[in-house]
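Participant:
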Amino acid sequence: MLGMEAEMLKGHLDAIVLAALEAGPAHGYAIIETIKQRSAGTFDLPEGTVYPALHRLEQAGLLSSAWTPPPNGRRRRVYSLTRAGSAALGQRRRAWGRFSQAVDTALAGGRG
Amino acid sequence: MSGVIDDYVAALRRELDFDPALARRLASEVEDHLQEAAEADQAWPSADAERRAVERFGLGREIAAQFAVDSVDRQARRTWVTLAVTVVVTFVAMRVRVIWLDDDVLGVAPLIDRYAFITALAVGVIAWFAFRRSLTALAICLGGLAASIGAGIVRVDLFANGAPIHVLLPAAGEIALLGVLSFHVIGLGRRLRRTALLRKPELRRTAQ
């Protein structure tokens with residue numbers, strides 16, 4: 000990933016993580032896999048980068064987490080969106096929509 | 000297992016020593032993550048599969064640095080809340096002492112009591128607006144409050160003078176809060192130092 004794209008992604012990582020959990024609870028590895036799949040490999044940050052975001056979002060009350068025993072016997076910490084997290088995701092989506100539309104318009108210049 | 004994952008997790012745990020509870024929790028999470036990533040590798044079980052999982056995860060120092068920055072913010076918030084509560088309780092304890100004493104005692108202690116408190120309050124207000132992460136400002140507030148509380152107790156010879164419970168309780172509260180505040184200020188100092196150390200390589204690279 001190009002340096003500029005990586006920096007842009009970092010600014011939106013919290014929202015991307017919230018969106019990855021919208022479909023249901025998941026553990027860190029599954030969240031990263033979801034992000035990679037949805038971005039078709041474009042978002043390829045170091046996998047560990049997602050953990051500070053998960054902890055930050057949990058501290059802010061947007062996620063909750065609990066250890067669960069999976070079928071193969073290994074304990075996993077599973078994260079879920081809280082009600083506040085769902086609301087925050089909605090807000091961030093709207094803000095991103097407005098922002099990206101404004102950037103598109105500005106970048107289009109006189110070509111439109 | 001070849002031990003590549005174990006070594007990585009142990010190193011990450013050392014980098015997170017500023018927050019032992021976080022270090023324990025994250026060590027388990029990261030170990031689970033790396034194990035799953037290694038098992039998904041075609042070369043599993045092998046040291047190469049573990050090495051690739053670790054490489055994809057990123058440098059432990061950089062991940063710890065991100066946690067350290069968040070940890071400084073949380074600790075700063077805790078410290079400021081404790082400082083605000085300590086200021087209020089100290090003010091109440093001071094007023095209760097003065098009313099109970101009903102006498103203007105002359106000497107150095109009343110001056111220290113009053114002006115050390117005012118200094119702590121003024122520095123605290125300025126730092127809240129301008130230097131919220133400043134350890135020096137918080138240390139000055141802590142020192143001012145400690146001097147004010149100490150002088151206030153000396154001023155009325157509180158514990159030897161048969162003070163009533165409504166005077167002793169706020170005094171005990173301010174002493175306890177001063178202890179909690181000291182603990183938080185020391186914790187913030189540790190986290191700030193650790194963050195600076197962890198971010199040093201990044202800063203060096205940026206400067207190059």
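Chains as they are written, first to last, in numbering that gives the first Met the number 0: chain A, 0 to 111; chain B, 0 to 207.
Backbone N, C-alpha and C fix where the C-beta goes; we use that ideal spot for every residue, glycine too.
As the structure is a prediction and not an experimental result, all values here were calculated from the model.
1) Can you tell me whether glycine 96(A) is buried or exposed? The criterion is at least 16 other CB atoms within 10 Å of its CB, across all chains shown.
2) Is the number of C-beta pairs between the region 46 to 53 of chain B and the region 62 to 77 of chain B that are closer than 8 angstroms three or more?
3) Glutamate 28(B) and arginine 76(A) look like a contact to me (Cβ under 8 angstroms); what is the Cβ gap, rounded to whole Å?
4) Output yes or no for whether 8 angstroms exceeds the beta carbon distance between alanine 75(B) and arginine 131(B).
5) Straight-line CA distance for tyrosine 50(A) to valine 122(B)?
6) Rounded to whole angstroms, what is the Cα-Cα separation between threonine 205(B) and arginine 198(B)?
7) In three-state terms, what does DSSP make of threonine 81(A)?
8) Have a look at the DSSP bridge pairing and note the partners of tryptophan 66(A).
9) Just checking: is the beta-carbon of histidine 32(B) within a distance shorter than 8 angstroms of some beta-carbon in chain A?
10) For leucine 141(B), tell me which candidate among Glu14(B), Leu120(B), Ile62(B) has the shortest Cα-Cα distance.
11) When you check each C-beta in the region 24 to 52 of chain B against every C-beta of chain A, which residues fall closer than 8 angstroms?
12) Under 8 angstroms Cβ-Cβ, which residues of chain A neighbour aspartate 69(B)?
13) Give the C-beta separation of leucine 88(A) and alanine 18(A) to the nearest angstrom, bearing in mind that I take them to be a contact with Cβ-Cβ under 8 angstroms.
14) Taking the alpha-carbon positions, what's the glycine 84(A) to leucine 8(A) distance?
15) Glycine 2(B) and glutamate 46(A) - do their beta-carbons sit closer together than 8 angstroms?
16) Would you verify that the beta carbon of tyrosine 28(A) is, or is not, closer than 8 angstroms to some beta carbon of chain B?
17) Under 8 angstroms between beta-carbons, which chain E residues line up against isoleucine 62(B)? List them in chain order, please.
18) Taking the alpha-carbon of alanine 170(B) as reference, which of Ala42(B), Leu15(B), Leu187(B), Val91(B) has the nearest alpha-carbon?
19) Ignore the nearest five residues each way along the sequence and tell me which others in leucine 177(B)'s own chain have a CB closer than 7 angstroms to its CB.
20) Is there a C-beta anywhere in chain B that falls below 8 angstroms from the one on arginine 82(A)?
21) Below 9 angstroms on C-beta distance, what does arginine 57(B) contact in chain A?
22) Classify alanine 39(A) as helix, strand or coil using the three-state DSSP reduction.
23) Measuring CA to CA, which of Ala129(B), Ala126(B), Met93(B), Ile98(B) is closest to arginine 113(B)?
24) Relative to the C-alpha of serine 114(A), which residue among Ser99(A), Asp43(A), Gln90(A), Gly60(A) is closest?
25) By alpha-carbon positions, which one of Gly108(A), Ser99(A), Ser64(A) ends up nearest to alanine 25(A)?
26) Strictly below 7 angstroms CB to CB, what residues from chain B border leucine 76(A)?
27) Keeping to the same chain, check which residues put their C-beta closer than 8 angstroms to that of arginine 55(A); ignore five residues upstream and five downstream.
28) Can you check which of these residues, Ala37(B), Ala10(B), Asp18(B), is closest to arginine 190(B) by C-alpha distance?
29) Which residue comes first and which comes last in the alpha helix (DSSP H) that contains aspartate 18(B)?
30) Mind checking which residues open and close the alpha helix (DSSP H) that includes valine 53(B)?
31) Looking at the strands, I want to know which residues DSSP matches up with alanine 25(A).
Facilitator: For this structure:
1) Classification of glycine 96(A): exposed, given that the 10 Å Cβ count is below 16.
2) No, the region 46 to 53 of chain B is not in contact with the region 62 to 77 of chain B.
3) 5 angstroms
4) yes
5) 36 angstroms
6) The predicted model places threonine 205(B) with a pLDDT of 49, which falls under 50 and marks its position as unreliable, so this point remains unresolved.
7) coil
8) Answer is Arg76(A), bridged to tryptophan 66(A).
9) yes
10) Comparing Cα-Cα distances from leucine 141(B) to each of Glu14(B), Leu120(B), Ile62(B), the minimum goes to Leu120(B).
11) Arg24, Leu25, Ser27, Glu28, Val29, Asp31, His32, Gln34, Glu35, Ala36
12) Pro51, His54, Arg55, Gln58
13) 6 angstroms
14) 19 angstroms
15) When the beta-carbon positions are compared, glutamate 46(A) and glycine 2(B) stay at least 8 angstroms from each other.
16) yes
17) Looking for chain E here will not work: the only protein chains present are A and B.
18) Val91(B)
19) Thr85, Leu144, Ala145, Ile148
20) Cβ-Cβ to chain B under 8 angstroms: no for arginine 82(A).
21) Residue 57(B) is actually glycine in this sequence, not arginine. The contacting residues are Leu44, Pro45, Glu46, Gly47, Thr48.
22) Coil, per DSSP.
23) Met93(B)
24) The displayed coordinates of chain A run from 0 to 111. Any statement about residue 114(A) would go beyond what the structure contains.
25) Of the candidates Gly108(A), Ser99(A), Ser64(A), Ser64(A) places its Cα closest to the Cα of alanine 25(A).
26) In the sequence as presented, leucine is not what sits at residue 76(A); that position holds arginine. Simply Glu28.
27) Asp13
28) Asp18(B)
29) Segment: none, aspartate 18(B) is in no alpha helix (DSSP H) and carries neither H nor E.
30) 46 to 56
31) Tyr78(A)
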